[in-house]
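Shown next, in structure tokens, is the structure this report addresses.
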Amino acid sequence: MISYLKGIPIEVIKNTNNRIILVLEVNKIGYELQIPSKLARDISQYDLENIQVFTYLQIKEDQQILYGFSTTAERELFRQLISVSGIGAQSAIALIDTLGLEELVQAIVTGNIRTLSQTPGVGKKTAERIALELRTKLSQWRKLVGGTVASSSAMPSLDILEDIEMTLLALGYTNEEINKAVSTLSQDNLMLKNTSTEEWIKEVIAWLSQ
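Heads up: the sequence shown at position 184 corresponds to 184 in the UniProt record's numbering, and the numbers run straight through without jumps.
Structure (structure tokens):
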């Protein structure tokens with residue numbers, strides 16, 4: 001297997017299927033890799049001359065596709081996603097592109113179906129399946145993101161989370177802002193013991209207003 005490639009990005013193109021392809025030259029050989037949009041933006045924005053891309057090779061009967069990611073954590077999350085029944089490589093890339101690494105892991109471990117369903121092509125049933133099959137692998141997720149994602153036991157209940165999200169989305173906050181606030185507040189043991197939805201909403205708003 002190819003763990004990673006280090007070389008010169010020659011071009012980033014969008015093919016006829018709207019998939020983003022990076023042509024990476026390594027030792028005078030050009031490799032085509034499908035990559036998430038964030039990596040494509042980073043290459044373009046920072047005008048990178050030499051990059052390291054962590055890879056996953058998918059072998060099918062009629063083709064071989066090489067996928068590229070900016071970090072090993074992102075690649076491992078991709079691997080976990082495609083292990084879920086009904087989740088193909090394109091859906092996995094779409095989930096990573098739509099939510100980003102930390103928010104996606106946060107949504108999985110907390111069973112946040114609404115957030116997962118924001119991804120194009122991922123409906124409620126698919127989102128439920130992702131959460132059901134992957135949330136038990138929390139210890140692995142925590143290693144992937146350097147321990148920044150709280151465990152499901154170190155979060156408010158799902159009922160409180162849903163009420164927080166519904167209220168704050170109505171107030172104009174984004175899912176990313178809400179998840180970041182809840183994750184930060186969940187590091188407070190006293191706050192975790194609080195079962196009042198109203199108190200949680202008030203504290204989340206206060207944190208976001210800082």
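All residues carry an ideal CB built from backbone N, CA and C; glycine is no exception.
Cutting at 7 Å between CB atoms, please list the residues of its own chain near residue i, excluding the five before and the five after it.
| i | result |
| --- | --- |
| Pro9 | Leu22, Leu24, Ile43, Leu48, Ile51 |
| Val84 | Arg129, Ile130, Glu133, Leu134 |
DSSP on residue i, reduced to helix/strand/coil?
| i | result |
| --- | --- |
| Leu208 | helix |
| Leu22 | strand |
| Ser139 | Because Ser139 sits at a pLDDT of 45, beneath the cut-off of 50, its placement in the model cannot be relied upon, and the following sentence gives the value as read from the coordinates. Reduced to three states, the DSSP call for Ser139 is helix. |
| Lys193 | coil |
| Thr98 | helix |
Alpha carbon to alpha carbon, how far is residue i from residue j?
| i | j | result |
| --- | --- | --- |
| Tyr4 | Thr197 | 46 Å |
| Gly7 | Val53 | 8 Å |
| Ala206 | Leu161 | 16 Å |
| Leu66 | Gln80 | 16 Å |
| Glu61 | Tyr31 | 20 Å |
| Pro120 | Gln45 | 25 Å |
| Leu104 | Ile29 | 34 Å |
| Glu76 | Asp163 | 31 Å |
| Ile87 | Pro36 | 16 Å |
Between which two residues does the alpha helix (DSSP H) carrying residue i extend?
| i | result |
| --- | --- |
| Gln63 | Here Gln63 belongs to no alpha helix (DSSP H), and DSSP marks it neither H nor E. |
| Leu116 | 113-116 |
| Met1 | Counting along the chain, Met1 falls outside any alpha helix (DSSP H), and DSSP gives it neither H nor E. |
| Thr72 | 72-82 |
| Leu185 | 175-185 |
| Leu134 | 124-134 |
Are the beta-carbon atoms of residue i and residue j separated by less than 8 Å?
| i | j | result |
| --- | --- | --- |
| Leu39 | Phe69 | yes |
| Val26 | Ile20 | no |
| Asn175 | Gln118 | yes |
| residue 226 | Thr115 | Residue 226 is absent from the structure shown; the chain starts at 1 and stops at 210. |
| Leu33 | Ala73 | no |
| Ile93 | Thr55 | no |
| Gln64 | Leu57 | yes |
What residue range is occupied by the uninterrupted beta strand (DSSP E) comprising residue i?
| i | result |
| --- | --- |
| Lys14 | 4-14 |
| Leu57 | 51-59 |
| Gln34 | 29-34 |
Under 8 Å Cβ to Cβ from residue i, same chain only, skipping five residues before and after it: list those, please.
| i | result |
| --- | --- |
| Leu185 | Met191, Trp200, Glu203, Val204, Trp207 |
| Lys137 | Gln80 |
| Met166 | none |
For residue i, collect the residues of the same chain with a Cβ closer than 6 Å to its Cβ; drop the 5 residues on either side in sequence, then sort them by chain order.
| i | result |
| --- | --- |
| Leu168 | Ile178 |
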